[in-house]
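The opening residue of the sequence shown carries number 1 in the UniProt record's numbering; numbering runs sequentially from there.
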Amino acid sequence: MPGCPFCEIAAGALPAHVVHADDVAVAFLDARPVFKGHVLVVPRTHVETLTDLPVEAVGPFFTRVRALARAVEDGLAAAGTFVAMNNKVSQSVPHLHAHIVPRNRKDGLRGFFWPRVKYEDDTEAATYAKRIRETLEATP
């Protein structure tokens with residue numbers, strides 16, 4: 001996709017610290033990492049969000065994400081990783097990408113990056129669950 005920096009990195013037209021590249025995905029260091037070793041994994045084919053990724057591509061893409069999470073953890077002697085993905089909101093580049101951030105205890109990162117809320121009661125929670133479940137069941 002012309003003008004997409006992640007497509008340009010995948011094509012080798014923009015420089016990046018690439019840690020993996022194959023026909024499915026390209027992974028490279030985030031230029032503005034949460035912690036050093038923060039990797040972005042992008043599908044080689046331009047899609048903007050997870051729901052745009054063809055069903056047959058989901059497994060292969062997440063196989064790469066899984067392998068890279070292990071590589072970040074083992075290669076950096078991290079206690080774990082934080083794996084995240086934004087879709088549209090807070091997505092700084094409109095090309096699907098998974099963040100893999102190395103984590104260690106007491107590293108300063110606290111929970112999620114957004115405030116938490118509570119449901120008013122179980123009835124409200126059940127209503128939200130029902131709306132999502134019914135939508136999922138109606139989606140082919």
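For every residue, glycine included, the Cβ atom is placed at its ideal position computed from N, Cα and C.
Short check: CB of residue i to CB of residue j, under 7 Å?
i	j	result
G80	R103	yes
P94	E48	yes
R69	V58	Note on identity: in this sequence residue 69 is Ala, with Arg being the wrong assignment. No, the pair does not count as a contact, with Cβ atoms beyond the cut-off.
A25	F61	yes
I need the DSSP call for residue i, collapsed to helix, strand or coil.
i	result
G75	helix
A129	helix
A138	helix
R110	coil
N89	Per the sequence shown, the amino acid found at residue 89 is Val instead of Asn. If DSSP states are grouped into helix, strand and coil, V89 belongs with coil.
State the beta-bridge partners of residue i as determined by DSSP.
i	result
L14	According to DSSP, L14 bridges with nothing at all.
G80	R103
A21	V26
P43	A25
A98	V41
Between the alpha carbons of residue i and residue j, how many angstroms are there, rounded?
i	j	result
V117	P15	40 Å
M85	K130	24 Å
K88	H97	11 Å
L29	V19	7 Å
So the candidates are the options; which of them puts its Cα closest to the Cα of residue i?
i	options	result
L40	A27, H95, V55 and V19	A27
A21	A31, C7 and R133	C7
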